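One structure is given below, encoded as structure tokens.
Protein chains: 2
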Amino acid sequence: MSDLDIGEVAAQSGLPASTLRYYETKGLIHPVGRNGLRRQYRADVIQTLGLITLGRDAGFSLNEVAAMFAADGQPDINRKRLNAKADELDETIKRLSAVRDGLRCVAGCSAPSHLECPSFLRLIAAATKGRKRKSLRDYR
Amino acid sequence: MSDLDIGEVAAQSGLPASTLRYYETKGLIHPVGRNGLRRQYRADVIQTLGLITLGRDAGFSLNEVAAMFAADGQPDINRKRLNAKADELDETIKRLSAVRDGLRCVAGCSAPSHLECPSFLRLIAAATKGRKRKSLRDYR
DNA sequence: ATACGACTTAAAGCCAACTTTAGGTCAAGA
DNA sequence: TCTTGACCTAAAGTTGGCTTTAAGTCGTAT
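Keeping their order, the protein sequence lines are chains Y and V.
Quick note on our numbering: the first sequence kicks off at 1 and runs consecutively.
Quick note on our numbering: the second sequence kicks off at 1001 and runs consecutively.
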């Protein structure tokens, strides 16, 4: 009786129903049954969805997130993996901080052209040099 | 005589030639001429490419980056825009830091199941609540 | 003179994560 | 009973940023 219609899940989670169906095709969530055609979910799907969103925010792909659920649907999260991801986030954060500082510097820079601002040039050089490293845009 | 062949630009910038041609279609760079069919670039294209990479790293889309070049190809960077982007980066950094801290907490958590760890639950709740805000995955 | 290989083009393909579309089903309220 | 509107399916479309492919061109070294 505490099962939720897909519409209620959508409302509570903030995710559109199409996304919930998509997540189902990826094996991330599973309805417990149907009411007519309508999917019904156990109430704890909300928490599962939170977990998924969290994982996505942390930079995991949906496939990576899927790999963290054991066969029974219970989260089965490898601590090593988590620490590795945290390390990755640390690097990303450092890089973004550098870029942010560069932007601020340029915004307040008094050089007539940005191309005459040494910090800006340094920043550009760094961006050029670092081409091999993981970019923010790899977080889809 | 200091013009660069596309191959040299590729080597110096670390970007494949196909990317350089792609950037050209987007109006981001322009060859100064051809040697036969081969594009030749002014040496300062390297700096321009650094600028583009920097912008991408900062979370600007290629279109946004393109909008920062005046008609003459000289960078024309609006300081307000830069500060706005820096603010955005600040938020992203804060959020990523929270996620990272959460990951570390969970990795070291002694609760038998992650779902019994209060910090983890808090983190999930936060991820659920924050659904409207810009996500990391919007940085393509 | 000729072969090589680095370039050229236009167009299609790729990726993840969804969203949209078109046409259909069905439970519940009036 | 009948309408309504929320749901259903499968398949195609979207987005951005490239990469790949196929077929062709051309400067340079031998």
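Beta carbons: idealized from backbone N, C-alpha and C, even for Gly.
This one's a predicted model, so the numbers in the text were calculated from it and none came from an experiment.
Note down, in chain order, every chain V residue with its Cβ under 8 angstroms from the Cβ of N83/Y.
In chain order: L1103, R1104 and A1107.
With a Cβ-Cβ cutoff of 8 angstroms, do G1059/V and L1089/V count as a contact?
Their beta carbons are under 8 angstroms apart, which means G1059/V touches L1089/V by this criterion.
Grouping DSSP H, G and I as helix and E and B as strand, with all else coil, what is L4/Y?
Residue state, collapsed to three classes: strand.
Take S97/Y as the anchor and find which of A1098/V, S1097/V and I1093/V has the nearest alpha-carbon.
When each option's Cα is compared against that of S97/Y, the closest is I1093/V.
Residues in the same chain with beta-carbon distance under 7 angstroms from P112/Y, minus the five sequence neighbours each way, listed in chain order, please.
Result list for P112/Y: empty, nothing under 7 angstroms.
Would you please state the rounded distance, in angstroms, between the beta carbons of A43/Y and L4/Y? I believe it to be under 8 angstroms.
Going by Cβ atoms, the distance from A43/Y to L4/Y rounds to 6 angstroms, so yes, they are a contact pair.
Quick one: is K1080/V buried, meaning 16 or more other Cβ sit within 10 Å of its Cβ, or exposed?
So K1080/V counts as exposed.
Establish whether the CB of I93/Y and some CB of chain V are separated by less than 8 angstroms.
Taking Cβ atoms only, chain V reaches closer than 8 angstroms to I93/Y, which makes this a yes.
Cα separation between I1006/V and D1087/V?
Here the alpha carbons of D1087/V and I1006/V stand approximately 36 angstroms from one another.
Applying the 10 Å Cβ sphere with the 16-neighbour rule, what's the burial state of R100/Y?
Under the 10 Å beta carbon count, R100/Y is surrounded by 16 or more other beta carbons and is classified as buried.
Chain V contacts from the stretch 9–24 of chain Y (Cβ-Cβ distance under 9 angstroms)
Taking 9 angstroms as the Cβ-Cβ cut-off against chain V, the residues of the stretch 9–24 of chain Y that qualify are Q12, S13, G14 and L15.
Whose Cβ in chain V lies nearer than 9 angstroms to the Cβ of H30/Y?
Against chain V, the beta carbon of H30/Y has no neighbour under 9 angstroms; the closest one sits roughly 17 angstroms away.
Per-residue DSSP class, three states only, for G1050/V
DSSP, read as helix, strand or coil, puts G1050/V in helix.
Check G1055/V in the structure and name its three-state DSSP category.
G1055/V falls in the helix class under three-state DSSP.
In the DSSP assignment, the beta strand (DSSP E) including R38/Y goes from what residue to what residue?
For R38/Y, the enclosing beta strand (DSSP E) stretches over residues R38 to Y41.
Coil, strand or helix - F1069/V by DSSP:
In the three-state DSSP reduction, F1069/V falls in the strand class (E or B).
Can you find a CB in chain Y that lies within less than 8 angstroms of the CB of L1123/V?
Yes, its Cβ sits closer than 8 angstroms to a Cβ of chain Y.
Give me the Cα-Cα distance between T19/Y and T128/Y, rounded to the nearest whole angstrom.
Going by C-alpha positions, T19/Y is about 38 angstroms away from T128/Y.
Output yes or no for whether 8 angstroms exceeds the beta carbon distance between S2/Y and L49/Y.
Using a Cβ distance threshold of 8 angstroms, S2/Y and L49/Y do not count as a contacting pair.
Can you give me the Cβ contacts of R1034/V inside the same chain, cut-off strictly under 7 angstroms, excluding the 5 residues immediately before and after it?
These residues qualify, in order along the chain: Q1040.
Since G27/Y is in the alpha helix (DSSP H), which residue starts that stretch and which ends it?
Going by DSSP, G27/Y is part of no alpha helix (DSSP H) at all; its letter is neither H nor E.
Whole-angstrom C-beta distance between V1045/V and G1055/V, which should lie under 8 angstroms:
In this structure, G1055/V and V1045/V do not form a Cβ contact; the two beta carbons are roughly 15 angstroms apart against a cut-off of 8 angstroms.
Which term fits V106/Y, buried or exposed, when burial requires 16 or more other beta carbons within 10 angstroms of its beta carbon?
So V106/Y ends up on the buried side.
Hey, K85/Y and L1103/V: beta-carbon distance below 8 angstroms or not?
By the CB criterion at 8 angstroms, K85/Y and L1103/V fall inside the cutoff.
Does any residue of chain Y bring its CB to less than 8 angstroms from the CB of G1007/V?
No, because no Cβ of chain Y sits closer than 8 angstroms to the Cβ of G1007/V.
What's the call for R95/Y, buried or exposed, on a 16-neighbour Cβ count within 10 Å?
Buried, because 16 or more other Cβ atoms sit within 10 Å of the Cβ of R95/Y.
According to a CB-to-CB cut-off of less than 8 angstroms, which residues of the stretch 36–57 of chain Y neighbour chain V?
Taking 8 angstroms as the upper bound on Cβ-Cβ separation, chain V lies near residues I46, Q47, L49, G50, L51, T53, L54, R56 and D57 of the stretch 36–57 of chain Y.
Name, in chain order, the residues that DSSP records as bridge partners for G33/Y.
Among the bridge pairs identified by DSSP, G33/Y is matched with Q40/Y.
Tell me, please, whether the CB atom of L1062/V is closer than 8 angstroms to any CB atom in chain Y?
Not a single C-beta of chain Y is nearer than 8 angstroms to the C-beta of L1062/V.
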